[in-house]
Each structure stands twice: as C-alpha cells, then as structure tokens.
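Novice:
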Amino acid sequence: MPLTSFNPATGEAVGSVPVTPVEAIPGIVARARAAQPGWAALGVEGRAAVLRGVADVFVDRSDELGDLLTAEMGKPLREGRGEVRSCGGPGLLAELDEMTAALRPEVLKDGRTYTELIHQPFGVASAITPWNFPISMPHWMVLPSLMAGNTVVLKPSEETPLIAQEYAEILQGVLPPDVLQVVHGADDQGKALVAADIDLIAFTGSREVGKRILEAAAPGLKRVVLELGGKDPLVVLDDADVNKAAGFAARNSFRNAGQVCVSTERIYVQDGVADEFERLFAHRASQLTVGEGTAEGVDVGPMISARQRDHVLGQIDAAVSDGARVIGGGDGHHGLYVMPTILGADHSMDVMQRETFGPVACVVRVADDNEAVRLANDTPFGLGAVVFGSEDRAWNVAQRIDAGMVGVNRGVGGAHGSPWVGTKESGYGFHGGPHGHRQFAQARIVSRRTET
Ligand code: NAD
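Counting in the numbering used here, the sequence shown runs from 8 upward without gaps.
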C-alpha cells in the first residue's frame with residue numbers, strides 16, 4: 008500500500024513510498040541487530056570516517072532536496088534548502104569530531120584505582136521523528152545513534168516520508184547494509200517499532216506521544232531520549248530595547264508558520280512598555296508575506312495539514328470568544344494558510360497552556376519581574392524561553408525561568424557544544440553537545456587496583 012505525500016500549498020500529490028507492513032518490522036529489527044556488531048567494531052573513529060563521506064552530498068544537492076522538502080512540508084524555499092545544507096558541510100564535520108571526542112574511552116585514576124570509562128552502544132536504536140524539520144529531525148536522532156555504534160531503524164513522520172527517504176538513502180550510500188533502515192507509516196508502525204526488539208528509542212515529537220512511548224518502553228526498561236513539545240515564553244522587561252524585542256517576537260512566533268518546537272507562543276510584557284511593544288509587534292507581523300513556499304519573498308507558508316489548521320483556528324476562536332483582544336491578524340485565513348495572529352490574552356486561557364504549533368502569539372501584561380517569572384513557569388512545558396531587557400537584569404530573570412534553553416536578548420540556541428534540552432514535560436533525555444551525544448550510549452566502567 009502506498010503512503011502518498013501531499014503538497015500542503017496545493018493539495019497535489021508529491022510522491023509516495025510503500026507503507027511498511029507492521030508484520031515486517033520484527034524482521035527489519037533482526038537485520039539491524041545482525042549488522043550491529045560489525046558497525047560497532049569500526050570504533051568511533053572508524054564510524055566518523057564513514058559518515059564524513061556524506062558531508063558534501065547535502066551541500067551539493069541542497070537545491071534539489073530543498074525543493075522536495077518545501078513541496079512536501081510547505082516552508083519557504085530558502086529555509087528548506089538551508090535545512091538540507093545544515094545536515095552536511097563543515098557543520099557535519101565539526102559535529103562528527105565533537106561526537107568522536109565525547110564517545111572515546113576515558114581513563115580515571117585516583118592513586119589506588121585505575122578505571123576505564125567506556126561509552127558502549129546500546130544495540131539497535133529506533134529514531135521516530137516529526138514533520139516540522141523533516142530532514143534535520145531525522146538527522147539529529149540518527150547521527151548520534153550511529154556514532155555511538157548503534158544500528159538504527161528510522162520511522163519518519165507520515166506527513167513527510169519522501170525527504171526522509173532521501174536522507175536515509177544518502178547515508179545508506181556510505182553505510183554497510185542494514186546499519187540504517189527505514190520504516191514508513193503512521194502511529195501503528197511507530198508502536199510496532201517501539202514494541203520490537205530494540206534497545207533505545209530516540210524520539211522527537213509531541214508530549215502526548217512521548218508519554219505513550221515512555222509507557223510502552225517501561226516493561227523492558229528500554230532506554231529513551233524524548234525531545235517533546237513546548238509553549239515557549241518571551242519576557243519583555245520595561246528596560247528592554249522594545250524594537251528589537253518586537254522584531255524577535257515576529258521572527259520567532261511566525262517562522263515556519265509557528266510550527267517550531269521553540270516558537271514564541273506566550274509573551275509577558277511589562278506594563279510600562281506594553282503599548283509600544285504591541286504596536287511594533289503588530290506592525291512587524293503585518294509586513295510578513297504569507298503564501299506558497301516556492302514564491303519569491305514568502306515568509307510564512309501553509310500549515311502542514313487540515314488537522315493542524317483546525318487545531319490552530321480552534322484555539323484562536325476559543326480565545327476570542329473568551330474575551331481575547333485581536334492585536335494583529337486574526338482573519339483572512341484561507342485553505343491551509345493561517346494569518347500571523349497576535350492576541351491580547353489572559354494567562355488562564357487554553358491558548359496559553361496547550362501547544363499551538365501555529366502562527367499565533369499571545370500577549371499578557373505583567374506588573375513586575377516576579378509576575379513575569381511566575382507566569383512564564385506556569386505550564387507543564389520547559390523547552391525554551393527568551394528574556395529581553397538590560398543585560399544584567401534580564402540575565403537574572405533568565406536564571407529563574409525553568410526551561411532547558413533560555414536566551415537573553417537573543418534566541419535560545421547556545422554556544423557550540425551546548426545541548427538541545429528541555430525541562431519538565433518538554434524532554435526526558437536530550438541530545439546535542441558532548442553531554443547529549445553520550446545519551447545514545449551506555450556508560451560502563453572497568454577498574455583494577457593500581458600498583459603502589
Ligand atoms: P507526533 O508526536 O504526533 O508524531 C511524531 C512521530 O511519532 C511521528 O513519526 C508519528 O508517526 C509517530 N507516532 C505517533 N504515535 C506514535 C506511537 N504511539 N508510538 C510511536 N510513534 C508514534 O508529533 P508531530 O505532529 O509529528 O510533530 C509536532 C510535535 O513535535 C510538536 O509537539 C513539537 O513541539 C514537537 N517537536 C519537538 C522538538 C524538540 O526538539 N523538542 C523538535 C521538533 C518538534
């Protein structure tokens with residue numbers, strides 16, 4: 008049976024892949040297990056040498072693959088092509104070096120004991136991924152799994168199978184047989200993969216599915232790395248550069264039509280600068296061009312699906328009927344396009360608590376730093392957060408926000424080597440940076456007495 012991928016901008020079929028029968032999954036996992044010792048035996052340096060072989064491919068083919076990504080997912084073409092390039096080039100080479108260093112054996116000595124700390128593969132890993140960054144999400148889960156010496160079965164989102172299939176074929180071009188395999192389908196295939204004889208589940212997706220995976224992993228205590236959803240706050244203090252804060256809000260709330268795990272969805276702005284912030288933010292948002300990702304100058308593409316659009320429009324309607332003010336956008340939605348919308352909301356509304364994953368930002372006015380921190384922390388999520396204000400004061404407020412990644416007068420990404428990490432219900436395990444790479448391996452120690 009084919010799994011057809013549709014262009015969300017036009018409704019046309021982009022292509023199809025065969026759905027993997029659920030009954031075939033145990034056999035695929037068995038092949039991955041048979042291939043694993045050989046892959047592990049290459050050592051981390053050997054594995055890096057193999058994977059370096061794809062660095063140029065993602066750069067050389069970024070236009071062609073970026074076009075496919077945009078056709079399948081809808082984001083503007085420059086973003087689609089950039090996402091493809093980010094999987095290769097110098098960035099990949101640096102990442103492989105960092106992983107190699109993180110996963111080498113370490114020696115610990117205290118005068119009496121000599122210990123070797125090794126980072127050993129778990130065995131067979133599954134990578135289960137979402138559609139919003141349809142090539143980089145598979146890459147972020149597959150690469151550290153492989154580098155740790157696991158073999159991998161990738162189950163990409165059913166919304167974006169074609170670009171994930173291209174990704175896998177590029178890696179398969181350099182990898183030994185069965186080291187990376189792909190299962191196509193939706194939740195039935197995901198469940199069957201989680202239930203199969205695997206050792207590690209590397210998952211990026213929603214909090215709800217993450218919880219189901221954790222439950223399914225419990226009987227065998229399978230290892231998990233779960234990167235989940237968010238409801239990121241932006242705090243604007245009354246000594247902030249309001250123009251910069253508004254510019255950031257417009258970029259970070261509406262990029263990829265808000266279909267980003269670290270999108271700004273909640274904004275807490277202090278009373279003294281609230282009017283100015285709202286005016287500047289609404290102006291910036293009104294300048295964004297909404298349309299088909301392939302068109303020149305487009306900033307915001309369509310929602311991935313009718314289901315996602317209905318969820319987003321439902322949240323807007325419910326907020327407005329509960330008394331939310333429309334500060335910007337709010338109408339003109341058509342097809343799968345949702346206009347960038349800014350609401351003056353109340354912290355208790357559903358739109359302030361549940362992930363929107365669409366181009367909607369809600370502004371709540373706060374009296375002081377304490378109220379901003381209290382409300383910013385008042386959701387089950389803790390992925391990213393951003394604070395705009397004078398450097399020292401914003402830094403202090405940032406320290407008090409319970410999120411894995413907090414940016415001060417900038418976005419959430421850290422310096423090279425930082426993990427991509429969520430607190431609370433946004434993550435359970437994490438990836439990126441030396442600490443993240445080691446989550447894809449089992450730490451073991453072997454010790455002996457040191458001669459005195
Ligand atoms: P989703 O959770 O619905 O699906 C993710 C993947 O899980 C898909 O491949 C899906 O087929 C599969 N799946 C569904 N049910 C399953 C089950 N019971 N067992 C196993 N697999 C199952 O998420 P989505 O709609 O594809 O993506 C959007 C979500 O991903 C948002 O919540 C977003 O915040 C999150 N996300 C998080 C990060 C991060 O780094 N933390 C990055 C990107 C996206």
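Glycine included, each C-beta is placed from N, C-alpha and C at the ideal position.
Whether or not the region 114-132 and the region 155-164 are in contact is what I'm after, with contact meaning three or more pairs of Cβ atoms, one per stretch, closer than 8 Å; do they touch?
Specialist: yes
Novice: Going by DSSP, name the residue or residues bridged to Val131.
Specialist: Thr158
Novice: Span of the beta strand (DSSP E) holding Ile205?
Specialist: Here Ile205 belongs to no beta strand (DSSP E), and DSSP marks it neither H nor E.
Novice: How close, in whole Å, do the beta carbons of Gly420 and Gly434 come, if the pair is a contact with beta carbons under 8 Å?
Specialist: With a Cβ gap of about 15 Å, Gly420 and Gly434 do not count as contacting.
Novice: When you compare only the Cα positions, how much space is there between Asp376 and Pro240?
Specialist: 13 Å
Novice: CA-CA distance, Pro137 and Ser425?
Specialist: Those two C-alpha atoms are separated by around 22 Å.
Novice: I think Val231 touches Ile208, with their Cβ atoms under 8 Å apart; what is that distance to the nearest whole Å?
Specialist: Your pair Val231 and Ile208 checks out as a contact, with CB atoms roughly 5 Å apart and the cut at 8 Å.
Novice: Taking 9 Å as the cut-off, decide whether the C-beta atoms of Ile135 and Thr17 are in contact.
Specialist: no
Novice: Which residues in the same chain have their Cβ closer than 6 Å to the Cβ of Gly60, if we skip the five residues on either side of it in sequence?
Specialist: Val181
Novice: Rounded to whole angstroms, how far is the Cβ of Pro309 from the Cβ of Gly336, which I believe are closer than 8 Å?
Specialist: Contact doesn't hold; Cβ gap of about 15 Å is too wide.
Novice: Please determine, among Gly304, Pro184, Asn384, the residue with the shortest C-alpha to C-alpha distance to Gln43.
Specialist: Pro184
Novice: Within its chain, find whatever has a CB closer than 6 Å to the CB of His290; leave out the 5 residues flanking it on each side and keep chain order.
Specialist: none
Novice: Could you check the C-alpha separation between Gly298 and Leu103 for me, to the nearest Å?
Specialist: For Gly298 and Leu103, the distance between alpha carbons rounds to 37 Å.
Novice: On the premise that Ala326 lies in contact with Leu295, defined as a C-beta separation below 8 Å, what is that separation, rounded to the nearest angstrom?
Specialist: With a Cβ gap of about 20 Å, Leu295 and Ala326 do not count as contacting.
Novice: Is Glu113 helix, strand or coil by DSSP?
Specialist: Glu113 falls in the strand class under three-state DSSP.
Novice: Please find out if some non-hydrogen atom of the ligand NAD comes closer than 8 Å to the beta-carbon of Asn384.
Specialist: No, the beta carbon of Asn384 sits no closer than 8 Å to any heavy atom of the ligand NAD.
Novice: For Leu76, collect the residues of the same chain with a Cβ closer than 7 Å to its Cβ; drop the 5 residues on either side in sequence, then sort them by chain order.
Specialist: Gly87, Glu90, Val91, Pro141, Ile142, Ile170
Novice: With a Cβ-Cβ cutoff of 9 Å, do Val29 and Gln196 count as a contact?
Specialist: yes
Novice: Flag Phe13 as yes when its Cβ comes closer than 8 Å to any non-hydrogen atom of the ligand ATP, and as no otherwise.
Specialist: Among the ligands in the structure shown, the ligand ATP does not appear; only the ligand NAD can be found there.
Novice: For Pro347, count neighbouring C-beta atoms within 10 Å of its own C-beta (all shown protein chains included) and say buried if the count is 16 or more, exposed if not.
Specialist: buried
Novice: Heavy atom of the ligand NAD less than 8 Å from the Cβ of Glu215, yes or no?
Specialist: Between the ligand NAD and the CB of Glu215, the shortest heavy atom gap is smaller than 8 Å.
Novice: Please report the straight-line C-alpha distance between Val394 and His438, rounded to a whole angstrom.
Specialist: 24 Å
Novice: Pairing CB atoms from the region 242-260 with CB atoms from the region 385-405, are three or more of them under 8 Å?
Specialist: yes
Novice: Nearest to Met154 by CA position, among Asn14, Glu285, Ala108, is which residue?
Specialist: Residue Ala108 is the option with its Cα nearest to Met154.
Novice: Answer yes or no: the CB of Gln196 versus the heavy atoms of the ligand NAD, is any distance below 8 Å?
Specialist: yes
Novice: May I ask you to list the residues that DSSP assigns as paired with Gly351?
Specialist: Arg332, Val370
Novice: In three-state DSSP terms, what is Ser12?
Specialist: strand
Novice: Return the Cβ separation of Cys268 and Leu390 in integer angstroms, given the expectation that the two are a contact with Cβ distance under 8 Å.
Specialist: 6 Å
Novice: Might you give, ordered along the chain, the residues of its own chain that have their beta carbon closer than 7 Å to the beta carbon of Thr363, omitting 5 neighbours on each side?
Specialist: Gly265, Glu272, Val319, Gln322
Novice: Please name the residue, chosen from Leu49, Ala281, Pro163, Ile32, that lies closest to Leu10 on a Cα-to-Cα basis.
Specialist: Pro163
Novice: If we call anything under 9 Å between Cβ atoms a contact, is Gly436 one with Leu233?
Specialist: With respect to the 9 Å criterion, Gly436 and Leu233 are classified as neighbours on the basis of their beta carbons.
Novice: Helix, strand or coil: which one does DSSP assign to Trp46?
Specialist: helix
Novice: For the alpha helix (DSSP H) holding Ile170, just list the boundary residues, first then last.
Specialist: Here the alpha helix (DSSP H) through Ile170 covers 168-179.
Novice: Using only CA atoms, which one of Leu178, Lys198, Gly96, Val216 lies nearest to Thr27?
Specialist: Lys198
Novice: Could you say if the region 244-262 and the region 351-361 meet the contact criterion of at least three C-beta pairs nearer than 8 Å?
Specialist: Under the Cβ criterion (8 Å, minimum of three pairs), the region 244-262 does not count as touching the region 351-361.
Novice: Going by DSSP, name the residue or residues bridged to Trp138.
Specialist: None, per the DSSP bridge assignment.
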